[in-house]
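Numbering (the working numbering), first residue to last: 1 to 320.
Backbone N, C-alpha and C fix where the C-beta goes; we use that ideal spot for every residue, glycine too.
Quantities reported herein were computed from a predicted structural model and do not represent experimental measurements.
What follows is a single structure, written as structure tokens, with notes after it.
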Amino acid sequence: MTGKSWIAFIWAVIRLAAPPAIIAWLVLAAGDGLALPSTINLGWMIPALVLNEIALTLFGVRMQFLLSTLGVMLRWRDAFRVHLQSMFYFFIVPMTVGVEIARFAKIRAALPGTPAKRILPALLLDRMVGAGSGAMLAAVMWPFVQFDAAPWLDASTAALWICLGGMAMIGGAVLIRRVRLAITEVIHAILASWRRVSLIFVLSICMHVVFALGIYCAAQAFLIDIALIEILFAVAAGSLLVAIPVSLGGVGAADVTTVTIFVAMGHTLEQSILLGALPYLARLVGAVQGGVWEMLDGGAESIARTRTLMRAGKAGAGET
Numbered sequence: 001m002t003g004k005s006w007i008a009f010i011w012a013v014i015r016l017a018a019p020p021a022i023i024a025w026l027v028l029a030a031g032d033g034l035a036l037p038s039t040i041n042l043g044w045m046i047p048a049l050v051l052n053e054i055a056l057t058l059f060g061v062r063m064q065f066l067l068s069t070l071g072v073m074l075r076w077r078d079a080f081r082v083h084l085q086s087m088f089y090f091f092i093v094p095m096t097v098g099v100e101i102a103r104f105a106k107i108r109a110a111l112p113g114t115p116a117k118r119i120l121p122a123l124l125l126d127r128m129v130g131a132g133s134g135a136m137l138a139a140v141m142w143p144f145v146q147f148d149a150a151p152w153l154d155a156s157t158a159a160l161w162i163c164l165g166g167m168a169m170i171g172g173a174v175l176i177r178r179v180r181l182a183i184t185e186v187i188h189a190i191l192a193s194w195r196r197v198s199l200i201f202v203l204s205i206c207m208h209v210v211f212a213l214g215i216y217c218a219a220q221a222f223l224i225d226i227a228l229i230e231i232l233f234a235v236a237a238g239s240l241l242v243a244i245p246v247s248l249g250g251v252g253a254a255d256v257t258t259v260t261i262f263v264a265m266g267h268t269l270e271q272s273i274l275l276g277a278l279p280y281l282a283r284l285v286g287a288v289q290g291g292v293w294e295m296l297d298g299g300a301e302s303i304a305r306t307r308t309l310m311r312a313g314k315a316g317a318g319e320t
């Protein structure tokens with residue numbers, strides 16, 4: 001193992017450990033505003049961890065099904081591994097696109113003969129189904145959520161924001177030629193396999209619900225008074241901003257948005273920070289598992305090699 005590989009490994013460990021340490025410091029600094037229990041209710045925390053694992057599994061299943069829709073035949077075990085490893089790189093690379101680059105690199109490693117022009121549209125389809133299912137769930141929940149601190153956030157405002165967000169994403173995608181070509185492939189795949197994609201879309205909604213149920217159980221473990229529907233809405237709405245390519249230690253626009261939503265619902269800032277930290281910590285659990293898998297696959301050399309590909313801004317994406 002080279003010195004460079006060890007440096008990459010140590011830096012990765014620091015990136016994983018530092019953000020939760022900062023969150024813990026913020027929670028402790030909040031003082032009495034949180035009124036945290038002296039012990040965590042394991043009767044709620046154990047189901048939270050189990051539900052989080054189920055959600056992670058559904059993430060992998062969704063990705064495998066969507067990849068196969070465009071002819072990328074990845075085994076379920078490999079899809080699950082790729083998903084966890086990509087979460088690991090989401091935390092150690094300061095860009096949310098690190099997830100996609102890591103997935104691309106790992107899929108090419110698992111299926112070396114698969115052309116990039118087939119993998120890229122498949123990954124884009126997975127991102128679109130994830131965002132679309134989150135948007136639909138948030139739109140359905142919106143009329144039933146009370147925004148005590150922001151009463152102007154009504155259903156009509158929701159429709160406006162969803163339309164504006166959709167137009168912005170479409171406009172940005174059209175400006176990038178490679179993405180535009182990938183979108184064309186995605187549209188063709190949806191039209192050719194719309195029944196299959198529709199079923200996967202429903203699976204993706206179930207995945208969001210299971211993930212939110214896990215967060216709700218974790219909130220109950222900390223004795224936080226919050227309704228399940230509030231968790232469902234905040235988690236689904238926050239997931240829409242994962243696509244914004246800026247993050248630091250796994251903390252990105254989605255996490256900031258989630259905290260803001262909880263504040264708008266009328267929760268205290270201290271409670272909102274803790275509630276917003278729960279989805280982050282749930283993802284961190286997956287990232288740690290991905291890090292372990294990465295070490296088993298190739299160790300520190302694999303981490304150094306993959307991070308080099310990410311810094312280059314491509315993982316063979318220009319190849320066909």
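Return the CA-CA distance between residue i and residue j, expressed in angstroms with no decimal places.
i      : j      : result
LEU67  : ILE119 : 7 Å
THR260 : LEU241 : 13 Å
TRP293 : ALA287 : 10 Å
ALA135 : ARG108 : 30 Å
PHE88  : VAL285 : 9 Å
ARG81  : VAL145 : 36 Å
ARG196 : GLY71  : 13 Å
HIS83  : MET141 : 28 Å
HIS208 : GLY276 : 16 Å
VAL50  : ALA218 : 11 Å
ALA254 : GLY238 : 5 Å
LEU252 : ARG103 : According to the sequence provided, residue 252 is Gly. The question's Leu does not apply to it. Roughly 19 Å separates the two Cα atoms.
ASP78  : GLU53  : 16 Å
ALA192 : LEU111 : 24 Å
ILE190 : LEU124 : 12 Å
THR115 : ALA122 : Per the sequence shown, the amino acid found at residue 115 is Pro instead of Thr. Each residue's Cα considered, the two are about 11 Å apart.
PHE59  : ALA139 : 21 Å
TRP44  : ILE226 : 14 Å
PHE91  : GLN85  : 10 Å
ILE40  : GLN220 : 9 Å
GLY132 : PRO143 : 18 Å
GLY266 : ALA48  : 24 Å
On the CB-based measure, 16 or more other CB atoms within 10 Å of its CB, does residue i come out buried or exposed?
i      : result
SER198 : exposed
THR69  : buried
PRO46  : Reading off the sequence, residue 46 comes out as Ile, not Pro. Result: exposed.
ALA182 : buried
LEU213 : buried
THR257 : buried
ARG75  : exposed
LEU223 : exposed
LEU296 : exposed
ILE187 : exposed
LEU137 : buried
LEU274 : buried
GLY113 : exposed
MET73  : exposed
Is residue i helix, strand or coil by DSSP?
i      : result
GLY252 : strand
GLY31  : Residue placement at GLY31 is flagged as unreliable, the pLDDT there being 49, under the threshold of 50; the coordinate-derived value follows with that caveat. It is helical.
THR258 : helix
PRO121 : helix
HIS267 : coil
ALA150 : coil
THR114 : coil
ALA226 : Correcting the residue identity first, residue 226 is Ile in this sequence and not Ala. If DSSP states are grouped into helix, strand and coil, ILE226 belongs with coil.
VAL145 : coil
ILE54  : helix
ARG195 : helix
ALA236 : helix
LEU74  : coil
ILE40  : coil
VAL129 : helix
ALA93  : With the sequence shown as reference, residue 93 is identified as Val, and Ala is not the correct amino acid for it. Reduced to three states, the DSSP call for VAL93 is coil.
Looking at the ligand COA, does it come within less than 8 Å of residue i, judged from the CB to the closest heavy atom?
i     : result
MET45 : Among the components modelled here there is no ligand, and therefore nothing to report on the ligand COA.
Is there a Cβ of chain D sitting closer than 9 Å to that of residue i, yes or no?
i      : result
LEU296 : Among the chains of the structure shown, chain D does not appear; only one protein chain is present.
Going by beta carbon distance, what residues of the same chain come within less than 7 Å of residue i, once the five residues before and after it are set aside?
i      : result
ILE215 : ILE231, VAL235, LEU278, PRO279 and ALA282
GLN332 : One cannot answer for residue 332 here, as it falls past the ends of the chain, which runs 1 to 320.
What residues in its chain sit with their C-beta under 8 Å from that of residue i, if we drop five residues either side in the sequence?
i      : result
ASP126 : ARG62, MET63, LEU66 and LEU67
LEU228 : ALA212, LEU213 and TYR216
Leaving out the 5 sequence neighbours to the left and right, which residues in its chain are closer than 6 Å to residue i when beta-carbon positions are compared?
i      : result
LEU56  : GLY286
ALA150 : ALA264
GLU100 : LEU123
(Q) With a threshold of 8 Å, are at least 3 pairs of Cβ atoms found where one atom belongs to the stretch 57 to 65 and the other to the stretch 203 to 212? (A) Contact holds between the stretch 57 to 65 and the stretch 203 to 212, because three or more Cβ pairs, one in each stretch, are under 8 Å apart.
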